[in-house]
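Line by line, the protein sequences are chains P and B.
Under my numbering, the first residue of the first sequence carries the number 1, and numbering increases by one thereafter.
Under my numbering, the first residue of the second sequence carries the number 228, and numbering increases by one thereafter.
Cβ atoms here follow ideal geometry from the backbone N, Cα and C, with glycine treated the same way.
All of these numbers come straight from a predicted model, not from anything done at the bench.
Number of protein chains: 2
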Amino acid sequence: MKLIYKGKTKDVHELDSDKVLLKFKDDVTGNDGVFDPGANTVGLSIEGMGNLGLRLTKFFFEKLNDMDIPTHYVDSDLDNQNMTVLKAKPFGKGVEVICRYKAVGSFIRRYGMYIEEGQELDAYVEITLKDDERNDPLITDEALEMLNIMTKKEYEILTSLTRKISKVIKDELSKKDLELYDIKLEFGRVGNDNHIALIDEISAGNMRVYGDGKYIEPFELGKIILS
Amino acid sequence: MKLIYKGKTKDVHELDSDKVLLKFKDDVTGNDGVFDPGANTVGLSIEGMGNLGLRLTKFFFEKLNDMDIPTHYVDSDLDNQNMTVLKAKPFGKGVEVICRYKAVGSFIRRYGMYIEEGQELDAYVEITLKDDERNDPLITDEALEMLNIMTKKEYEILTSLTRKISKVIKDELSKKDLELYDIKLEFGRVGNDNHIALIDEISAGNMRVYGDGKYIEPFELGKIILS
């Protein structure tokens with residue numbers, strides 16, 4: 001099995017021409033030991049985080065597959081902390097899709113002149129480029145098309161899928177009296193027809209969730225969701 | 228005549244309930260004595276710059292008014308270095324609209340992973356918020372609507388006007404063998420019907436222009452256009 005990519009929170013191994021294996025690690029993104037889902041560096045390592053991330057991802061991806069929402073998920077092996085997925089072609093060198101229900105994080109850093117922290121947003125979706133060096137810049141649908149990263153049609157499909165998937169996760173969380181503030185998803189083009197599918201993971205490290213108005217750390221969040 | 232606003236390159240005085248007077252100054256934006264149309268600070272003062280800016284603005288606004296493209300321009304007084312304009316209501320606390328024909332400046336700082344400096348862009352339009360403290364952040368049509376800054380319909384009118392106006396300026400420059408790389412425009416809502424009109428100024432300090440592949444400083448540029 002060939003290691004083809006060493007990521008911040010996962011390693012990727014080639015399985016065959018159609019599939020790869022994702023190995024979940026215990027690292028989460030953040031700065032100086034403080035968790036931040038928007039950060040570009042590994043901030044801390046939490047024992048059991050990889051296992052928890054995989055179990056959460058399995059939980060949500062199987063739910064989405066059952067609803068016929070396209071994902072790259074095939075199956076998972078909890079004992080060996082890995083997941084088999086379909087190969088996906090990235091948009092450009094990779095983009096991140098954020099769905100926001102409350103104004104926090106980089107939304108406030110950008111638009112704090114117009115909105116207070118914690119104010120409601122109506123499933124606002126935005127796309128940023130994966131580019132650590134340039135701090136993951138925001139990009140519009142028009143620029144995505146002009147730079148040959150995705151077509152306007154793909155943009156429409158992708159943002160509509162994002163709202164649908166985020167709603168599934170938001171609803172699941174509210175069953176536990178938790179509130180989803182924002183979530184970061186990744187998509188790719190899968191199969192010969194290049195259909196757009198959710199890829200990567202859905203885990204506590206990719207979302208900001210509050211309970212009783214208090215922010216819940218990823219590890220605790222993961223345990224609550226799976227309880 | 229009441230001074231109602233002291234701007235970086237112009238002061239604004241109230242004339243009556245419908246009109247204000249813009250007084251052009253010799254200051255241009257930049258950093259440490261170097262001109263930069265995207266900067267938020269006054270970088271240098273050039274004697275005669277205010278007069279030149281007003282003459283250029285008069286030249287372009289009269290041309291646009293003749294073409295029935297809506298602007299706030301009424302008339303100008305070159306001797307006293309001021310211009311009478313219709314009052315305009317801003318979008319939120321003010322936005323800037325950029326039209327790009329070549330990738331330079333902040334476009335490269337954001338998207339340099341995908342494009343080389345100087346590569347062609349097809350009259351790409353983007354909007355940034357006027358917010359010095361947050362470095363004039365980029366904003367999408369969806370966020371503009373969500374933050375009640377402008378509706379999607381206004382966004383469509385505004386970007387279409389931007390392409391039309393930028394084309395007029397680009398064509399005018401090419402008569403002098405000059406090439407427009409990018410330009411920054413401002414718009415407001417004017418009159419009782421709140422129609423969208425070009426406001427502020429069109430001067431050499433708001434555009435990047437090249438001749439024979441060489442960047443042309445605003446003062447020199449102004450003199451060439453008016454020669």
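B/G319 reaches chain P at M113, Y114, counting residues in chain order whose Cβ is nearer than 9 Å. Here P/I196 has P70, E154, I157, L158, L161, F187, G188, R189, V190 as same chain residues with Cβ atoms under 8 Å from its own Cβ, once five neighbours each way along the sequence are excluded. Taking a beta-carbon distance threshold of 7 Å, B/L388 does not count as an interface residue toward chain P. Of the candidates P/I224, P/S203, P/K130, P/I224 places its Cα closest to the Cα of P/K175. Each residue's CA atom was taken as its position, placing B/S303 and B/K285 some 7 Å apart.
By the C-beta criterion, the region 9-26 of chain P is judged to be in contact with the region 77-87 of chain P, since at least 3 inter-stretch pairs fall below 8 Å. Counting only Cβ-Cβ distances below 9 Å, P/T151 has no contacts in chain B at all, with the closest Cβ about 15 Å away. Contact of B/A370 with chain P by beta-carbon distance below 8 Å involves Y111, Y124, E126. Counted as a single uninterrupted DSSP element, the beta strand (DSSP E) harbouring P/A197 occupies residues 195-199. The C-beta of P/T140 comes closer than 7 Å to at least one C-beta of chain B.
By the rule that beta-carbons nearer than 7 Å mark a contact, B/L374 touches chain P. Counting along the chain, P/A143 sits inside the alpha helix (DSSP H) bounded by residues 141-146. Listed in chain order, the positions of the region 412-441 of chain B with a beta carbon within less than 8 Å of a beta carbon of chain P would be empty, since no residue qualifies. G92, K93: these are the residues of the region 69-99 of chain P whose beta carbon lies less than 8 Å from some beta carbon of chain B, given in chain order. Under DSSP, B/I443 forms no beta bridge with any residue. According to the DSSP assignment, P/M207 belongs to the beta strand (DSSP E) that extends over 207-211. Within the same chain, K237, G277, G280, L281, Q308 come within 6 Å of B/F251 by CB-CB distance, once the 5 residues on both sides are set aside. With the rule of 3 Cβ pairs closer than 8 Å, the region 317-331 of chain B counts as touching the region 340-351 of chain B. Counting of Cβ neighbours within 10 angstroms places P/V34 among the exposed residues, the total staying below 16. Here the alpha carbons of P/F91 and P/Y181 stand approximately 25 Å from one another.
For P/D131, the C-beta contacts it makes with chain B under 8 Å involve M340, in order along the chain. Scanning the region 282-339 of chain B from its first residue to its last, the whole alpha helix (DSSP H) runs of 4-plus residues come out as 333-338. Taking B/I426 as the centre and dropping the five residues before and after it, the same chain places the C-beta of T298, H299, V312, A315, E413, F414, G415, V417 closer than 8 Å to its C-beta, in chain order.
Flagged as an interface residue toward chain B: P/P137, by a C-beta distance shorter than 7 Å.
Relative to the Cα of B/D363, the nearest Cα in the group B/I231, B/I325, B/S393 belongs to B/I325. When the five nearest sequence neighbours on each side are left out, the beta carbons in the same chain lying within less than 6 Å of the beta carbon of P/I4 are those of V12, E14, in order along the chain. With at least 16 other beta carbons inside 10 angstroms of its own, P/T29 counts as buried. By the C-beta density criterion, B/E353 is buried, having at least 16 other C-beta atoms within 10 angstroms. Identification of chain B residues near P/R134 by a Cβ-Cβ cut-off of 9 Å yields R336, R337, Y338, G339, M340, ordered along the chain. Remark: C-beta atoms of P/L44 and P/S203 do not approach each other more closely than 7 Å. Close to chain P, meaning a Cβ-Cβ distance shorter than 7 Å, is no residue of the region 256-285 of chain B at all. From the beta-carbon of P/L121, the residues of chain B found nearer than 8 Å are M373.
Within the region 133-194 of chain P, the complete beta strand (DSSP E) segments at least 3 residues long are 179-190, listed from N- to C-terminus.
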